[in-house]
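**Q** My structure is below; once you've seen it, I'll send some questions.
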Amino acid sequence: CVSGYNASSLQVRVGTDKLGHRGQLFQVIGISPYVNSGMNPAPGPTPSFAADVALIKIAVSFTYDPRVMWLNPNNDGIHELQGGVIASWGNPKVLGSPLISASVTVLPPAGCAYIYNGIRNISSTEFCVWPADTSSQPCLADLGAPFYYNEQYYGLVTYNPGCSNTAFPVIVTEVSQFTSFIITILCDMASFFP
Numbered sequence: 001c002v003s004g005y006n007a008s009s010l011q012v013r014v015g016t017d018k019l020g021h022r023g024q025l026f027q028v029i030g031i032s033p034y035v036n037s038g039m040n041p042a043p044g045p046t047p048s049f050a051a052d053v054a055l056i057k058i059a060v061s062f063t064y065d066p067r068v069m070w071l072n073p074n075n076d077g078i079h080e081l082q083g084g085v086i087a088s089w090g091n092p093k094v095l096g097s098p099l100i101s102a103s104v105t106v107l108p109p110a111g112c113a114y115i116y117n118g119i120r121n122i123s124s125t126e127f128c129v130w131p132a133d134t135s136s137q138p139c140l141a142d143l144g145a146p147f148y149y150n151e152q153y154y155g156l157v158t159y160n161p162g163c164s165n166t167a168f169p170v171i172v173t174e175v176s177q178f179t180s181f182i183i184t185i186l187c188d189m190a191s192f193f194p
């Protein structure tokens, strides 16, 4: 979602539950896309994968408080049938839209690949999630929305077929596949983190 934009034209808002209102607003000063990193996402042979990942550097550090918390990137990997939450502004987005969350469950990789067979390849860095209950709607999630559990960040929404295609799960990029990239970039930004 930042591809093609200059850092100086972007801002990051944190600590709000209403789109475009309240919270802390920060100017972006750098974008580090994975595609230009030259790194493999995981040890071993180069896998076939699609990676739409970027880390964004802001001008000054966040002020951490009950509304702005650090989520540790998970580096243990995702597990079949693991639960979690996707948080997003939802669609359609309008100024003042409330932050929503959806409880989800991770699908087995074979099940995900079967559902998307002939439609879209699921890379080795991706996994699929279903709603955990009838009231959850991950189909409303924005691309880039976080998937987290127990204060650990497991992934970000990469592909969402939308609510008109509920037979298809939401696809998430797995953070643990990019640990080396994240650590390298964070070390360059060390003064910005607690």
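Just so you know, UniProt numbering puts the end of the sequence shown at 194, numbered straight through with nothing missing. Beta carbons: idealized from backbone N, C-alpha and C, even for Gly.
#1: Let me know if C112 comes out buried or exposed under the rule of 16 or more other beta-carbons within 10 Å of its beta-carbon.
#2: Is it a yes or a no for the region 66 to 80 touching the region 146 to 162, going by three-plus beta-carbon pairs under 8 Å?
#3: Which runs of the beta strand (DSSP E), 3 residues or longer, sit entirely within the region 47 to 85?
#4: Locate the alpha helix (DSSP H) running through I29, then write down its first and last residues.
#5: Using a 10 Å radius around the Cβ and a threshold of 16 neighbouring Cβ atoms, would you call E80 buried or exposed?
#6: State the start and end residues of the unbroken beta strand (DSSP E) segment that holds Y148.
#7: What residues in its chain sit with their C-beta under 6 Å from that of N160, if we drop five residues either side in the sequence?
#8: I'd like to know whether the C-beta atoms of S103 and V85 end up nearer to each other than 7 Å.
#9: Which word fits A145, buried or exposed, when buried means at least 16 other C-beta atoms lie within 10 angstroms of its C-beta?
**A** The structure says:
#1: Residue mapping note: residue 112 aligns to position 112 of the sequence shown, counting from 1. Looking at its Cβ environment, which holds 16 or more other Cβ atoms inside 10 Å, C112 is buried.
#2: yes
#3: 54 to 58
#4: Along the sequence shown, read from residue 1 onward, the residue named residue 29 stands at position 29. Element bounds for I29: not the alpha helix (DSSP H) but the beta strand (DSSP E), Q24 to P33.
#5: For the purposes of this step, residue 80 is taken as the residue at position 80 of the sequence shown. Label assigned to E80: exposed.
#6: Position 148 of the sequence shown holds residue 148. Unbroken beta strand (DSSP E) run through Y148: P146 to Y149.
#7: Here residue 160 is taken as the residue at index 160 of the sequence shown, counted from 1. So the list reads A141 and V170, once near-sequence residues are dropped.
#8: Looking up residue 103 in the sequence shown gives position 103. Looking up residue 85 in the sequence shown gives position 85. Yes; because the gap between Cβ atoms is below 7 Å, this pair is in contact.
#9: Taking the first residue of the sequence shown as 1, we reach residue 145 at position 145. A145 should be labelled buried.
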